[in-house]
Structure formats: structure tokens, C-alpha cells
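Number of protein chains: 2
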Amino acid sequence: MQDSQTQAFAGKVLVLSGGVGGAKLVHGLANTLGADQLTVVANTADDFDHWGLRICPDIDSITYALAGINDEKRGWGLKDESWRTMVAMRRLSGEDWFQLGDQDIATHLYRSMRLSNGDSLTDITADIAQRLGVTTRLLPMSDDVVATRVYSDRGEYEFQHYFVRERCEPKVERIEFIGIDTARLSPLVKDSIADPELSAIILSPSNPFLSIDPILSLEDCRKLLKNRGVPIIAVSPIISGRAVKGPAAKLMEELNMPTSAHGVAEYYGDLLDGFVFDELDAAELDVIRNTGIDCRLEQTLMTDMASKEHLARVVLDFARDLKR
Amino acid sequence: MQDSQTQAFAGKVLVLSGGVGGAKLVHGLANTLGADQLTVVANTADDFDHWGLRICPDIDSITYALAGINDEKRGWGLKDESWRTMVAMRRLSGEDWFQLGDQDIATHLYRSMRLSNGDSLTDITADIAQRLGVTTRLLPMSDDVVATRVYSDRGEYEFQHYFVRERCEPKVERIEFIGIDTARLSPLVKDSIADPELSAIILSPSNPFLSIDPILSLEDCRKLLKNRGVPIIAVSPIISGRAVKGPAAKLMEELNMPTSAHGVAEYYGDLLDGFVFDELDAAELDVIRNTGIDCRLEQTLMTDMASKEHLARVVLDFARDLKR
Numbered sequence: 105m106q107d108s109q110t111q112a113f114a115g116k117v118l119v120l121s122g123g124v125g126g127a128k129l130v131h132g133l134a135n136t137l138g139a140d141q142l143t144v145v146a147n148t149a150d151d152f153d154h155w156g157l158r159i160c161p162d163i164d165s166i167t168y169a170l171a172g173i174n175d176e177k178r179g180w181g182l183k184d185e186s187w188r189t190m191v192a193m194r195r196l197s198g199e200d201w202f203q204l205g206d207q208d209i210a211t212h213l214y215r216s217m218r219l220s221n222g223d224s225l226t227d228i229t230a231d232i233a234q235r236l237g238v239t240t241r242l243l244p245m246s247d248d249v250v251a252t253r254v255y256s257d258r259g260e261y262e263f264q265h266y267f268v269r270e271r272c273e274p275k276v277e278r279i280e281f282i283g284i285d286t287a288r289l290s291p292l293v294k295d296s297i298a299d300p301e302l303s304a305i306i307l308s309p310s311n312p313f314l315s316i317d318p319i320l321s322l323e324d325c326r327k328l329l330k331n332r333g334v335p336i337i338a339v340s341p342i343i344s345g346r347a348v349k350g351p352a353a354k355l356m357e358e359l360n361m362p363t364s365a366h367g368v369a370e371y372y373g374d375l376l377d378g379f380v381f382d383e384l385d386a387a388e389l390d391v392i393r394n395t396g397i398d399c400r401l402e403q404t405l406m407t408d409m410a411s412k413e414h415l416a417r418v419v420l421d422f423a424r425d426l427k428r
Numbered sequence: 105m106q107d108s109q110t111q112a113f114a115g116k117v118l119v120l121s122g123g124v125g126g127a128k129l130v131h132g133l134a135n136t137l138g139a140d141q142l143t144v145v146a147n148t149a150d151d152f153d154h155w156g157l158r159i160c161p162d163i164d165s166i167t168y169a170l171a172g173i174n175d176e177k178r179g180w181g182l183k184d185e186s187w188r189t190m191v192a193m194r195r196l197s198g199e200d201w202f203q204l205g206d207q208d209i210a211t212h213l214y215r216s217m218r219l220s221n222g223d224s225l226t227d228i229t230a231d232i233a234q235r236l237g238v239t240t241r242l243l244p245m246s247d248d249v250v251a252t253r254v255y256s257d258r259g260e261y262e263f264q265h266y267f268v269r270e271r272c273e274p275k276v277e278r279i280e281f282i283g284i285d286t287a288r289l290s291p292l293v294k295d296s297i298a299d300p301e302l303s304a305i306i307l308s309p310s311n312p313f314l315s316i317d318p319i320l321s322l323e324d325c326r327k328l329l330k331n332r333g334v335p336i337i338a339v340s341p342i343i344s345g346r347a348v349k350g351p352a353a354k355l356m357e358e359l360n361m362p363t364s365a366h367g368v369a370e371y372y373g374d375l376l377d378g379f380v381f382d383e384l385d386a387a388e389l390d391v392i393r394n395t396g397i398d399c400r401l402e403q404t405l406m407t408d409m410a411s412k413e414h415l416a417r418v419v420l421d422f423a424r425d426l427k428r
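Residue numbers (this note's numbering), protein chains in the order written: chain A, 105 to 428; chain B, 105 to 428.
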């Protein structure tokens, strides 16, 4: 652990992020950096169609968090939300396993309408963010469709069907990112990686293989990042062997990955220059350091704005130290 | 005027109807007849796409009225409605000229989803009605798209754009039903016309050329009805030269049609055996009778359930008299 430094961070920061957990650190970074310093790349492999609408859970979680309109307590969706369309839809279709709030539905309607008009997810995401008052640059990883598919002991599922409808109950045998081989990494993401002012790349505390891996797997993204020559730092989403949010730990177990900070560090492997993980996992410090990755132990649980901003500063300070 | 008779009507009744005004008489008929006696054919030429959703204003007005969940006071949509999706959509798109309530949106979402799955509007309409507890048989006039187009002094409009967004302000030069020449009359409507038990055909007090004419213009519908050999009765939507609801009178004026009960009777011409119009227009009785159409003068303004049922009984009694 270190004292947080008060110097402003110089240069630009690129963050790869999934939804809820990642969005917290993104929010902390957005409050710590200038709007022109931060670019967020969102995973879109969880995206799916529901009620004929295009739903982008990670993009929306990040957008809503940055706009300050997310429901912190529930952990997803919008605060001050209502559910009247869903109740009426249940009456018509009998289907209500995926909860969409009345205000949230507007986002999906607007996005679906513009997608069918031929607009790109990149442009639509930027416009929604702008309309909601978000100044941080948020980019979908791709404008092409990538869809996480879960193969389990009970059959195949679209990710949200497995995650929400089946409550992660089926035992996962493997996952696949349908479309990953042909989807192109967003040109704007490529530009951000190539930006001469880029000073740090951060892998947010999202699920490493469900949220971060799809981004890294697009074209030669992993190599582009690795060869960029700026510090790459991951923040562990695992604390004391448990995923803070989401099915990471259960999935890692079923896919025979260690459910530990060490497991996360190993998963990212030589991509990382630095790794931030929780003080509660201090026992793993030596084994992770022995893989050649620089480490920071920190309280990584983000329960309020102060803890998000604190973790953001820790990561940025770490990046500055690594750059020296 | 005549006293309402209390005998039950024998045989089946086919009603052609537009939205709000027509839906009132339909509701009265549904309360007066057995569920197996009444078939309602709804105009779909006002249907349009909005926010990527398929909106069928006349089908929905009739369905909601029959389900007893329509907002009588507002005159359209659902009662106990809320508008949170619309407010959120306004923030995103800046567009809110067509008001869609949160519960109502579920209907459009459900319909759009099923249409894109390849289901027919006929099947979807029946399923929505059934889910909302409606027992009356409601048929879209066609499963093919017909779209009313308004040509005005300010240019061309989709009907709802002219009607709602432009508040009927542009001066109409002509209207056209795009697709009417190739669209097929619903086979189930044809079956209903051919039904040996059919005893009356009613043109509800909807706009004659915007709501009823599209139905009559499908294939040889007008001829099928005319040659069927059962009484055809229209109820005038015009009272004292004013449309009870909607832009009928203004349109009729701009299209050089008489804005009167007589004008409505003339418009339908030799299709009609009987014509029901308002006591306030008693001065027109002779001129209409002279065209060879049997007439009933009645209080045709439907302000509550009792007046809807009363007018329904008047029309059914009239049909029985004409059949003798």
C-alpha cells in the first residue's frame, strides 16, 4: 500500500472495461483525469437482442455510471427506475426474465432504431453518452457483432440467457466468442492505442475472460497493446477468491482456472507490467511477483465515490512509477 | 328515433372500423352481441413505424376499448398510463411528437418482435387481444402493408406525421393508400363475409375515406360486401357538420366533399342499405332518403357505455328491420 499522491497524471489513459465492476474504476478515473485524457473501450461480447431491442449491458453500465444515473444499490440499470413496460410485456409475452426498466428501454429503443438506420454502434454510443451529459470518451470495442456463447452441461446458451435467465446455474464447459475472428477492432480504439500521448493502459476489474478477453482477442489488439511501450496495469476483480460481482469465480472454477488474484495475473500473463490486487490476498504477493509482474496491494473494494477515486489514483500513480 | 327493442339479434355481424369513434360502437356491439356473433375488421392504413416499432393505432384503440383498459378521457391510449420511456427518449432523440405510454410500448414491442419473427399481423392481433382478455374476434383488414399518404400544400406526409406531428394543419390536396393495389384482403375477412350466418354489415362511425375506404378498397371487398345480400348500414361520424373525433370534417372540406351526414351517405353511395345519423341533422333526412337509402335518426354521440350500447341496439334493430 502507498499513500495516494496528489500530482495530476500527465498524458492519456486507455481503459478496457466490462460492466459494473469495471465501470466503478472508470468512474473513479473519469473524476480524477481530464475529459480529454481518458478513453474507455467497452466490451460488447455480452450484447444481445431482447424483445427485438439491441441491449449492450457493458456500454450502458459504463454510460449510466459516468452520467451519475446508475442505480448503485441494485448494481445495474438506472436509479429512480420504473417497470411498467415490463409488467405489460409479461402479460403479453409471458417473458420477463430480463428486467428492463421504463427509462432504460428508451436507450435500447434509440440504439436499435439508429442501428437499423445504418448508424454505427460507435456513433450511437457517443451520441447517447453526450445526451446524458457524459464527457468521457467511450468506445465500443467493435462495430461488428461478437457474441459470447456458453457451452454447458445443459446445452448452449447466449451469454445473457446463461447469466440472467439460468442464473449461472449450468456447469460451463467452455465459452466461445462467436464472430471474434472476423470482427474488426474499432478504428478509433486503434487510433487511441497509437496516440503519442498515451501514457497508460488499464485493464479494469472486470471479468478477465468474459469482459476483457473479447477486447484483447479482436484482431491483433493484444499485440498492439503489448508493443505500445506504455505501462499496462490490471486491477484484479477477484478478492479473497470471490468475484466482487458476477460469475467470474464460478466460471473460473468450472474452466479449471485458479479463482485467485494469482489466477487473474497468470491469465493476462506477459501482457501486464503491473498488477493491483487486494490486501486481503497479500499471501499471493510473492508468487505473482515471481512471474515478473510489478505489484501493488490495495483495498480494491469500491463501495463509494471516494474509494473509486482512491483506487483510480493508486492505479495512475502506479503507472507513473512504472514509466520511470 | 325509435324505442330500443329488447329481442336478441340473431346471426352474425361484421363491422368495419377505424379507431376511436368506431371503437365506441364496436364496444357497444360487443356488449350487446355474443362473442361468436361479432367480427371486427380494423383499418391498418394508419399503421406506421415509430422508434423502430410497428404502431397500429386502430387495432390498438379497438383492442384497448374492448379490454376496458382504454383511457376514455384522453380519447386514446391506455388508462393509468405513465410516460417515463417517452421522457427518456426525448432526452436521447429530441423527438416526442408521437406520445407512447410505458404500458402501450409493450404492445408495440411485442408486435414488432413477432412481426420480425415472421408472424402475421392477424395472428399477433388475435394473441394480444386474447392476452388482454378480449373475446371479440378482431381482424386486421390485411397482413400486407398499406400506408395512407397525405399530399398537401406543404408536401407529402405519412398519415400520422400529418395527423399528429403537423396537427392536420397542412391543406390536404389528395390522399393515397400506398400498397392498396397489391395488398390482399385478409382471408379471414373473406371467410367472415362468406359466412352463411352473416346477417348484417356495419360501417362504424369512423372516418369514411381515411378509415373505412382502405378496407373497402382492398381487392374486391366493396363488391363482396355489396353482393352478399345482407343489410349494410353505416353510422355517420359527422354530427352537425363536425367530425366527432379526428380530422374528417377538415379533410372533407379540403377535398371538396360535403361536411355533412349527407356527404357521408353520398360517399358510400349504393353500398348502403341503411344510414344512421344524428337527430341534429334531421334537416338532411329528405335529401338522403331521396338517394334511396333507408334512414334512422338517432342520438349518435356516444359519451358513456349506455349510449354505446343504445346505438348498437339501434343499428342491430335497423338491420333486422331491413332484412325482413
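Every residue, glycine too, gets a C-beta built ideally from N, C-alpha and C.
- At a C-beta separation below 8 Å, tryptophan 155 of chain B has these neighbours in chain A: Leu213, Tyr214, Met217.
- Residue contact check for arginine 178 of chain B against chain A: no CB pair falls below 8 Å.
- Isoleucine 336 of chain A is outside the set of residues whose beta carbon lies under 8 Å from a beta carbon in chain B.
- Shown in chain order are the members of the stretch 192-205 of chain B whose Cβ falls below 7 Å from a Cβ of chain A: Ala192, Met193, Arg195, Leu196, Ser197.
- With 16 or more other Cβ atoms inside 10 Å of its own Cβ, aspartate 150 of chain B counts as buried.
- Distances from the alpha-carbon of alanine 287 of chain A to those of A/Val117, A/Ser344, A/Asp324 put A/Asp324 closest.
- Residue pairing from DSSP places valine 254 of chain A in a beta bridge opposite A/Tyr261, A/Ile279.
- Sequence-distant partners of isoleucine 282 of chain A (beyond 5 residues in either direction) whose C-beta falls short of 6 Å from its own C-beta, in its chain, are Ala251, Arg253.
- In terms of Cβ geometry, leucine 157 of chain B and histidine 212 of chain B form a close pair [threshold 8 Å].
- Linking glutamate 383 of chain A to leucine 328 of chain A through their CA atoms gives a straight-line distance of about 31 Å.
- Think of a sphere of 8 Å around the beta carbon of isoleucine 232 of chain A: the chain B residues whose beta carbon falls inside it are Leu196, in chain order.
- In this structure the stretch 116-135 of chain B does not touch the stretch 133-149 of chain A; the number of beta carbon pairs closer than 8 Å is below three.
- Look at the stretch 268-325 of chain B and you find these whole runs of beta strand (DSSP E), each 3 residues long or longer: 276-282, 302-307.
- Here glycine 373 of chain A carries a helix assignment [DSSP, helix/strand/coil].
- Contact of glutamine 264 of chain B with chain A is not assigned, every C-beta pair being separated by 8 Å or more.
- At a beta-carbon threshold of 7 Å, the residues of chain A lying near arginine 188 of chain B are Ser186, Asp206, Gln207, ordered along the chain.
- Rounded to whole angstroms, the separation of the alpha carbons of glycine 179 of chain B and asparagine 221 of chain B is 32 Å.
- According to DSSP, threonine 143 of chain B shares a beta bridge with B/Leu118, B/Arg241.
- Listed by position along chain A, the residues whose Cβ is nearer than 7 Å to that of alanine 210 of chain B are Thr189, Ala192, Met193, Leu196.
- Counting every other CB atom within 10 Å of its CB across the protein chains shown gives glutamate 388 of chain A a total of 16 or more, marking it as buried.
- For serine 220 of chain B, the chain A residues whose C-beta falls within less than 9 Å of its own C-beta are Gly156, listed in chain order.
- According to DSSP, cysteine 399 of chain A shares a beta bridge with A/Phe379.
- If the five residues before and after glutamate 358 of chain B are omitted, its C-beta is found closer than 8 Å to the C-beta atoms of Lys275, Val276, Glu277, all from its own chain and listed in chain order.
- Annotated three-state conformation of asparagine 135 of chain B is helix, per DSSP.
- Between glycine 123 of chain B and serine 315 of chain B, the C-beta spacing is below 8 Å.
- Shown here, arginine 428 of chain A sits in coil according to DSSP, grouped into three states, outside any helix or strand.
- Using a Cβ-Cβ cut-off of 8 Å, arginine 288 of chain A does not count as an interface residue toward chain B, since no Cβ of chain B sits closer than that to its own.
- C-alpha of serine 340 of chain A to C-alpha of leucine 219 of chain B: approximately 45 Å in a straight line.
- With respect to the C-alpha of serine 290 of chain A, the residue from A/Asp227, A/Ile336, A/Ile337, A/Glu260 having the closest C-alpha is A/Asp227.
- Per DSSP, the beta-bridge partners of asparagine 174 of chain A are A/Leu182.
- Counting along the chain, leucine 225 of chain A sits inside the alpha helix (DSSP H) bounded by residues 225-235.
- For aspartate 153 of chain B, the enclosing beta strand (DSSP E) stretches over residues 152-154.
- Using beta-carbon distances, arginine 269 of chain A does not count as an interface residue toward chain B, since no partner is under 8 Å.
- Close to arginine 235 of chain B, with beta-carbon spacing below 7 Å, are these residues of chain A in chain order: Arg195, Leu196.
- In this structure, the alpha-carbon of arginine 332 of chain A lies about 56 Å from that of aspartate 248 of chain B.
- When Cβ pairs closer than 8 Å are counted between the two stretches, the stretch 255-271 of chain B is seen not to touch the stretch 236-245 of chain B, the count staying below three.
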